[in-house]
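**Student:** Before we start, here is the structure in question, set down as structure tokens.
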Amino acid sequence: MTAFEPLRILLIDNDADRSMVVRKALEAEGHEVISHRPNAVGLTAAVARDEPDMVIIDMDLPDRDTLENMSTLNAHAPRPIVFFAQEQSDRNTIQAAVRAGVSAYVVDGVQPQHVRGIIDTAVARFEAFQSLRDELEQTRTQLEERKLIDRAKGLIMKRENCDEAEAYRVLQKAAMDHSQRIGQIAQRVIEMFGKDSDKLQRAS
Amino acid sequence: MASDPIPLRRRKGFTLRLGFVPLLDSAPLIIAHELGLFFREGLDVELVREGSWASLRDKVSFGLLDGAHMLAPMPLAMSLATDRPRTPITTGMVLSRNGNGITVSTSLYPKLMAAGADPNDPLASARALVDVARRRGSPIQLASVAPWSSHDLQLRDWVASAGPDARHHIQIVPVSPIQMLDAFRAGHIEGCCVGEPWNSLLEWQDLGVILHAGHQIWQNAPEKVLGMRQDWAEQHPEIHRRLIRVLLRACQWLDDPDHHTALRDILSDERYLGNQVQALDGHPFSLFHPRLHQHFFRDSANFPWLSQAHWLATRLARWGQLGEASATDIRGIVKPAIFREAASSAGIDAPTMDAKTEGHHRLSHMVEGREGPVNIAGDGLIGEQVHHWPG
Chain A
1 MTAFEPLRIL LIDNDADRSM VVRKALEAEG HEVISHRPNA VGLTAAVARD
51 EPDMVIIDMD LPDRDTLENM STLNAHAPRP IVFFAQEQSD RNTIQAAVRA
101 GVSAYVVDGV QPQHVRGIID TAVARFEAFQ SLRDELEQTR TQLEERKLID
151 RAKGLIMKRE NCDEAEAYRV LQKAAMDHSQ RIGQIAQRVI EMFGKDSDKL
201 QRAS
Chain B
1 MASDPIPLRR RKGFTLRLGF VPLLDSAPLI IAHELGLFFR EGLDVELVRE
51 GSWASLRDKV SFGLLDGAHM LAPMPLAMSL ATDRPRTPIT TGMVLSRNGN
101 GITVSTSLYP KLMAAGADPN DPLASARALV DVARRRGSPI QLASVAPWSS
151 HDLQLRDWVA SAGPDARHHI QIVPVSPIQM LDAFRAGHIE GCCVGEPWNS
201 LLEWQDLGVI LHAGHQIWQN APEKVLGMRQ DWAEQHPEIH RRLIRVLLRA
251 CQWLDDPDHH TALRDILSDE RYLGNQVQAL DGHPFSLFHP RLHQHFFRDS
301 ANFPWLSQAH WLATRLARWG QLGEASATDI RGIVKPAIFR EAASSAGIDA
351 PTMDAKTEGH HRLSHMVEGR EGPVNIAGDG LIGEQVHHWP G
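Below you can see the structure in the form of structure tokens.
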């Protein structure tokens with residue numbers, strides 16, 4: 001076994017909550033973590049000042065191109081982790097990171113086994129955050145769809161002069177016929193009939 | 001009725017995922033999607049917006065994207081890199097030409113003009129830039145947006161045109177386009193070479209003045225290209241041709257000024273360029289700055305010249321971003337034959353030769369096509385350079 005070497009890690013993330021969770025996890029493993037929020041001029045300065053062994057950054061941030069640029073301009077700047085994906089085990093680690101939206105840059109000389117552990121930790125936290133966000137998004141969509149369905153039912157009831165149960169069956173059948181979600185069909189119904197009924201109301 | 005009828009059955013299409021970075025020149029992909037052109041060719045395309053070129057590159061490398069809107073040097077850098085794992089890329093189409101600007105701060109601009117800069121003469125301006133820095137005794141910082149980009153290479157070629165002394169007086173620092181306005185405001189940089197709409201935005205907010213167009217450094221150079229994973233392109237030749245055919249239609253649509261109001265509406269959607277475009281509200285040129293000569297279709301803009309790719313490779317090598325590339329290397333990546341087949345199936349003619357001498361023609365001119373003569377654009381290079389295709 002190789003001796004553990006604590007690394008100095010610069011963490012760049014716009015999401016303050018996620019950043020804190022990742023930071024705590026890495027600090028619990030003995031590393032020194034400097035959090036940094038992206039801005040126009042701070043990144044190059046932060047890398048020069050803090051001299052991190054490794055940078056972990058949210059993959060979606062435009063600051064990534066700035067880091068890439070630094071690595072071509074300066075031989076001592078951290079280089080993208082994807083450049084080290086030679087062996088299959090590294091490829092798997094890095095692929096998981098790309099999927100989770102974690103991107104990393106390391107300086108030459110850092111031991112690969114340390115890098116792998118750090119990436120795994122960051123990836124696990126990013127994934128946990130993503131599933132939490134997906135859940136929230138799902139709840140939000142469900143609420144919105146329920147509102148759409150209610151409006152669409154109202155429009156159908158008025159137009160077809162039917163009751164609510166019948167209006168719902170119309171939506172259900174259309175959803176099945178077109179293999180779409182009932183919320184999507186409701187949206188279409190509102191787009192098609194909504195304007196007509198507004199016009200009718202104004203005319204009458 | 002405003003919306004289309006609900007299709008009876010979802011047509012089974014061929015699914016592919018394409019990445020783009022939200023810039024004005026990602027419009028061909030966005031327009032093909034929004035006008036339903038992919039759908040009509042039976043292609044089910046998912047467009048994925050990426051925050052950086054690095055992210056787009058990684059997702060293509062790891063198979064999360066089949067292909068993308070790429071910086072013209074990117075397929076070369078990804079396929080031929082020696083310091084990292086390669087991802088072979090195939091490119092059979094140029095998506096746009098020109099569109100970059102060299103914009104300097106509103107305080108630097110008058111100083112450069114007083115020192116002899118001339119918006120019609122990039123060589124004079126480069127000398128003025130070095131003069132101003134030398135006289136004031138501190139270097140001028142200019143921003144480059146990404147490595148392996150035409151922005152970076154054009155900026156370096158322009159600065160270098162002032163002579164070997166230039167590098168002591170001009171520093172090139174990295175800044176991403178989305179942070180360019182802030183970096184100008186903070187005085188952190190005094191100029192940059194960036195794509196649109198960022199030059200127009202800098203002018204519109206009175207932060208900068210466009211001094212030169214990328215067009216004046218390399219005339220009508222390929223700016224963005226369609227880059228597909230080589231394994232994907234080899235497995236799906238027919239889909240690839242169809243994809244190029246659709247994008248050609250989109251590019252043709254984009255060159256028609258009558259469509260630019262509609263284009264603006266589409267691009268200002270949050271899923272695409274969003275507030276970058278909204279911030280240009282009231283700008284006299286709307287989307288396309290007349291100085292930048294950005295275009296998508298005319299003068300055989302989409303033809304992937306081997307000689308232009310080789311020129312780009314020499315620039316990457318000049319600035320230490322790639323080793324030397326041979327004619328065979330270029331032929332393995334850039335595929336004029338695929339373009340010709342796709343274009344011909346759309347009734348569009350293309351040059352019969354794959355390469356030409358670059359830098360010889362300042363004006364558009366005719367070359368031999370399969371059906372007759374076809375028009376191609378001028379190809380001047382800064383400092384009257386001439387580049388011979390080695391193949």
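Chains as they are written, first to last, in the UniProt record's numbering: chain A, 1 to 204; chain B, 1 to 391. Built from N, CA and C at the ideal position, the CB exists for glycine as well. Being a predicted model, the structure only gives us computed values, none of them experimental.
#1: According to DSSP, is A/S35 part of a helix, a strand, or is it coil?
#2: From the DSSP output, in three-state form, read off A/L200 for me.
#3: Please name the residue in A/R8, A/I12, A/D15, A/R23 whose C-alpha comes closest to that of A/T121.
#4: Tell me the residue span of the alpha helix (DSSP H) that contains B/D281.
#5: Mind listing, in chain order, the continuous beta strand (DSSP E) runs of no fewer than 3 residues lying wholly within the stretch 195 to 275 of chain B?
#6: From this set, B/I376, B/E341, B/L363, B/A327, which residue's C-alpha is nearest B/P390's C-alpha?
#7: Can you tell me where the beta strand (DSSP E) holding B/E50 begins and where it ends?
#8: If you compare alpha carbons, which of B/W218, B/A279, B/A133, B/A301 is closest to B/F249?
#9: CB of B/L71 to nearest heavy atom of the ligand SAM: below 7 Å?
#10: Going along the chain, which residues of the stretch 60 to 74 of chain A sit with their C-beta nearer than 9 Å to a C-beta in chain B?
#11: For residue 400 of chain B, tell me which candidate among A/H31, A/E68, A/I190, A/E51 has the shortest Cα-Cα distance.
#12: List the residues of chain B that A/A85 touches, going by C-beta distances under 9 Å, in chain order.
#13: Counting C-beta neighbours from all protein chains within 10 Å, is the total for B/G372 16 or more, i.e. buried, or is it exposed?
#14: Using CA atoms only, rank isn't needed, just tell me which of B/M74, B/F297, B/H259 is closest to B/A54.
#15: As a quick exercise: from B/S52, B/G63, B/L80, B/Q216, pick the residue whose alpha carbon is nearest that of B/M70.
#16: Have a look at the DSSP bridge pairing and note the partners of A/R79.
#17: Determine the contact status of A/V170 and A/I156, defining contact as a CB-CB distance below 8 Å.
#18: Nearest chain A C-beta to B/I102 closer than 8 Å, yes or no?
#19: At the 8 Å Cβ level, is B/Q321 part of the contact set with chain A, yes or no?
#20: Shorter than 8 Å from the beta carbon of A/Q95 to some beta carbon of chain B?
#21: Could you tell me whether the stretch 73 to 81 of chain A touches the stretch 100 to 111 of chain A, using the rule of 3 or more Cβ pairs below 8 Å?
#22: Alpha carbon to alpha carbon, what distance is there between B/P351 and A/N92?
#23: So with Cβ pairs under 8 Å, would you call B/I376 a contact of chain A?
#24: For a contact defined as C-beta to C-beta under 7 Å, what are the partners of B/W53 on chain A?
#25: Just by C-beta distance, which residues in the UniProt domain "ANTAR" (129 to 190) of chain A are closer than 7 Å to chain B?
#26: Could you tell me which of A/M70, A/F84, A/F126, A/D63 sits nearest to A/A97, measuring between CA atoms?
#27: Out of B/A160, B/L142, B/R315, which one is the CA nearest neighbour of residue 413 of chain B?
#28: Between A/R116 and chain B, is any beta-carbon pair separated by less than 8 Å?
#29: Please name the residues in the stretch 266 to 279 of chain B whose beta-carbon is closer than 8 Å to at least one beta-carbon of chain A, in chain order.
#30: Which first and last residues belong to the alpha helix (DSSP H) in which A/E144 is found?
#31: Quick check for students: name the residue ranges of the beta strand (DSSP E) that lie wholly in the stretch 75 to 158 of chain B, counting only runs of 3 or more.
#32: Could you name the residues of chain A that B/D206 contacts, counting a contact when the two beta carbons are closer than 8 Å?
#33: Are the beta-carbon atoms belonging to B/V145 and B/P197 less than 8 Å from one another?
#34: Could you say which of A/A85, A/R18, A/E29 lies nearest to A/L132 if we only look at CA atoms?
**Tutor:** Looking at the coordinates:
#1: By 1-based counting over the first sequence, the position of residue 35 of chain A is 35. Strand, per DSSP.
#2: Within the first sequence, numbered from 1, the residue matching residue 200 of chain A stands at position 200. Unreliable positioning characterises A/L200 in this predicted model, as indicated by a pLDDT of 48, which lies under 50. The coordinate reading is nonetheless provided below. Here A/L200 sits in helix by DSSP.
#3: Residue numbering aside, residue 121 of chain A sits at position 121 when the first sequence is read from its first letter. If we check each option's Cα against that of A/T121, A/R23 comes out closest.
#4: On the second sequence, residue 281 of chain B is found 281 positions in, with the first residue counted as 1. Counting along the chain, B/D281 falls outside any alpha helix (DSSP H), and DSSP gives it neither H nor E.
#5: 208 to 213, 222 to 229
#6: Sequence index remark: in the second sequence, residue 390 of chain B carries index 390 (1-based). That would be B/A327, whose Cα lies nearest to the Cα of B/P390.
#7: Sequence index remark: in the second sequence, residue 50 of chain B carries index 50 (1-based). Per DSSP, B/E50 belongs to no beta strand (DSSP E) and is neither H nor E.
#8: As a position in the second sequence, residue 249 of chain B is number 249, starting the count at 1. Looking at the sequence itself, residue 249 of chain B is Arg, so the reference to Phe does not match. When only C-alpha atoms are compared, the closest one is B/A301.
#9: In the structure shown, the ligand SAM is absent, as is every other ligand, since no ligand is present at all.
#10: D60, L61, P62, D63, R64, D65, T66, L67, E68, N69, M70, S71, T72, L73
#11: Residue 400 of chain B lies beyond the stretch modelled for chain B, which goes from 1 to 391, so this question has no answer here.
#12: Taking the first residue of the first sequence as 1, we reach residue 85 of chain A at position 85. Going along chain B in sequence order, the residues near A/A85 (Cβ under 9 Å) are S61, F62, R84, P85.
#13: The residue you call residue 372 of chain B lines up with position 372 of the second sequence. That one is exposed.
#14: Residue mapping note: residue 54 of chain B aligns to position 54 of the second sequence, counting from 1. Among B/M74, B/F297, B/H259, the Cα nearest to that of B/A54 is on B/M74.
#15: Within the second sequence, residue 70 of chain B is the residue found at index 70, counting from 1. Nearest C-alpha to B/M70: B/S52.
#16: By 1-based counting over the first sequence, the position of residue 79 of chain A is 79. According to DSSP, A/R79 bridges with A/V106.
#17: Along the first sequence, one-based indexing puts residue 170 of chain A at 170. Along the first sequence, one-based indexing puts residue 156 of chain A at 156. Going by C-beta atoms, A/V170 is nearer than 8 Å to A/I156.
#18: Position 102 of the second sequence, counting from 1, holds the residue named residue 102 of chain B. So, not an interface residue.
#19: Taking the second sequence and counting its residues from 1, the one referred to as residue 321 of chain B is at position 321. Yes, B/Q321 lies at the interface with chain A (some Cβ there is under 8 Å from its Cβ).
#20: To locate residue 95 of chain A, count along the first sequence from 1; it is residue 95. By this cut-off, A/Q95 is an interface position.
#21: yes
#22: In the first sequence, the residue the question calls residue 92 of chain A occupies position 92. In the second sequence, the residue the question calls residue 351 of chain B occupies position 351. Distance between the alpha carbons of A/N92 and B/P351 is about 44 Å.
#23: Within the second sequence, the letter at position 376 stands for residue 376 of chain B. Not one chain A Cβ lies under 8 Å of B/I376.
#24: Position 53 of the second sequence, counted from the first residue, corresponds to residue 53 of chain B. Under the 7 Å cutoff, chain A gives D65.
#25: H178, S179, R188
#26: Residue numbering aside, residue 97 of chain A sits at position 97 when the first sequence is read from its first letter. Closest option to A/A97, Cα to Cα, is A/F126.
#27: Given a span of 1 to 391 for chain B in the structure shown, any question on residue 413 of chain B remains unanswerable.
#28: The residue given as residue 116 of chain A occupies position 116 in the first sequence. It does not: the Cβ of A/R116 has no partner Cβ on chain B nearer than 8 Å.
#29: none
#30: Translated into the one-based positions of the first sequence, residue 144 of chain A becomes position 144. Segment 112 to 160, the alpha helix (DSSP H) holding A/E144.
#31: You should have 89 to 97, 101 to 105, 140 to 144.
#32: Translated into positions along the second sequence, residue 206 of chain B becomes position 206. The contacting residues do not exist; B/D206 stays about 17 Å from chain A at best.
#33: Position 145 of the second sequence holds residue 145 of chain B. Position 197 of the second sequence holds residue 197 of chain B. Not closer than 8 Å, so no.
#34: For this step, residue 132 of chain A is matched to residue 132 along the first sequence. A/L132 has its Cα closest to that of A/R18, out of A/A85, A/R18, A/E29.
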